[in-house]
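Going by the working numbering, the letters in the sequence shown line up with residues 16 to 266, in that order.
The beta carbon of each residue, even a glycine, is placed where N, CA and C say it ideally should be.
The structure under discussion appears below in the form of structure tokens.
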Amino acid sequence: MSDAAATDPAEQPMLFYQPQVTADGGRFVGLEALLRARRADGSVTGPQDMLAAIATPEEADALDWRILRQACSDARRWPDLSVAINISARQFQHPDFSARMIALIAEVGVAPTQIELELLEGTIIEDFGRASAAMEALRAHGVRIALDDFGTGYSSLSYLQKLPLDKLKLDKSMVEGVGNLKAAAIVQAVTALSRALGLKVVAEGVETREQQRFLRISGCHYLQGYLFSPAVSVEAVGELLRQRWPRPEPG
Ligand code: G
Ligand code: MN
Numbered sequence: 016m017s018d019a020a021a022t023d024p025a026e027q028p029m030l031f032y033q034p035q036v037t038a039d040g041g042r043f044v045g046l047e048a049l050l051r052a053r054r055a056d057g058s059v060t061g062p063q064d065m066l067a068a069i070a071t072p073e074e075a076d077a078l079d080w081r082i083l084r085q086a087c088s089d090a091r092r093w094p095d096l097s098v099a100i101n102i103s104a105r106q107f108q109h110p111d112f113s114a115r116m117i118a119l120i121a122e123v124g125v126a127p128t129q130i131e132l133e134l135l136e137g138t139i140i141e142d143f144g145r146a147s148a149a150m151e152a153l154r155a156h157g158v159r160i161a162l163d164d165f166g167t168g169y170s171s172l173s174y175l176q177k178l179p180l181d182k183l184k185l186d187k188s189m190v191e192g193v194g195n196l197k198a199a200a201i202v203q204a205v206t207a208l209s210r211a212l213g214l215k216v217v218a219e220g221v222e223t224r225e226q227q228r229f230l231r232i233s234g235c236h237y238l239q240g241y242l243f244s245p246a247v248s249v250e251a252v253g254e255l256l257r258q259r260w261p262r263p264e265p266g
């Protein structure tokens, strides 16, 4: 990232990427970009301190767009993978967000169909009508929209019908719970409903083979979690792609 740092110079923003795989673990289909902070000594840590050091909305906005640009630029390295980017409420609520995003994609020269924006329910409900219109504009351009962290917050089923979505991301708290009969029933029902509405379903925070098996049988399309890989550096994504894929579920 090249432009002047808007944050503490001791910590620089960088993106790590976590793989998303097909439910059988056999195919590597996408990546979620996750923000990290690189310290002066080269070590990498969570972004909390770096984000807390941001003093003004302008700095926050500059960092948001710097991250978006970096993710779009990195995506060009992996033309066969989708790249999911978390969009903050502040960023998405900006009236010209969709126009700016579309312009950025053209400027960077990435295929819009590779880019997936992850939005939180809270981001959308603030102004449902405007959010839907922005989502439509982005989708008309080929960008995909995922509803992130489903299972936290209200998780209203009516959003799944009303919003122009491509994907639903089951939160890791739901995945963690699948050993419990009631939690498992909810995951199955939400997945079935999402599929019936034509959405793709991604489960996050998959850590065990048992969870993988249950989610695959329940109909989740894609899985993401430590069972497959943590978020890794751009260079390490290249290594993962060359590695032991396909890596099917044993047994
Ligand atoms: O808000 P969101 O769901 O996008 O956050 C993803 C976060 O979850 C990241 O910080 C990532 O490092 C973390 N994460 C990713 N995979 C796993 C996992 O399998 N288990 C747990 N506990 N956390 C995970
Ligand atoms: Mn996310």
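Residue i classed as buried or exposed, judged by whether at least 16 other C-beta atoms fall within 10 angstroms
i, result
"GLU219", "buried"
"ALA99", "buried"
"THR206", "buried"
"GLY194", "exposed"
"ARG159", "buried"
"CYS245", "Checking the sequence shown, residue 245 turns out to be Pro, not Cys. With fewer than 16 other Cβ atoms within 10 Å, it is exposed."
"PRO34", "buried"
"GLN129", "buried"
"ALA212", "In the sequence under discussion, the amino acid at residue 212 is Leu, which differs from the Ala named in the question. Looking at its Cβ environment, which holds fewer than 16 other Cβ atoms inside 10 Å, LEU212 is exposed."
Simplified DSSP state of residue i, which is helix, strand or coil
i, result
"TYR174", "helix"
"VAL125", "coil"
"THR206", "helix"
"ASP163", "strand"
"PHE112", "helix"
"GLN239", "coil"
8 Å contact criterion, which residue i and residue j should meet: CB distance rounded
i, j, result
"LEU180", "VAL217", "Actually they do not touch by this definition, with Cβ atoms about 12 Å apart."
"GLU136", "TYR174", "7 Å"
"SER209", "PHE31", "So it is not a contact: roughly 27 Å between Cβ atoms."
"ASP79", "GLU26", "Between GLU26 and ASP79 the Cβ distance is about 16 Å, and since that is not below 8 Å, they are no contact."
Contacts around residue i, its chain only, beta-carbon distance under 8 Å, and the 5 residues preceding and following it disregarded
i, result
"GLN227", "ALA38, GLY40, VAL221, LEU238, LEU242 and GLU264"
"GLU131", "GLY45, SER97, VAL98, ALA99, ILE100, VAL158, ARG159, ILE160, ALA161, ASP181 and LYS182"
Beta-carbon contacts of residue i that lie in its chain and below 6 Å, excluding the five residues immediately before and after
i, result
"ALA152", "SER113"
"MET277", "Beyond the ends of the chain as shown, which are 16 and 266, falls residue 277; an answer cannot be given."
"GLN106", "ASP79"
Neighbourhood of the ligand G [Cβ distance below 6 Å to any heavy atom], ordered by chain position = GLN33, LEU49, ASN101, ASP163, ASP164, LYS187, GLU219, GLY220, VAL221, GLU222, GLY240, TYR241 and ALA246
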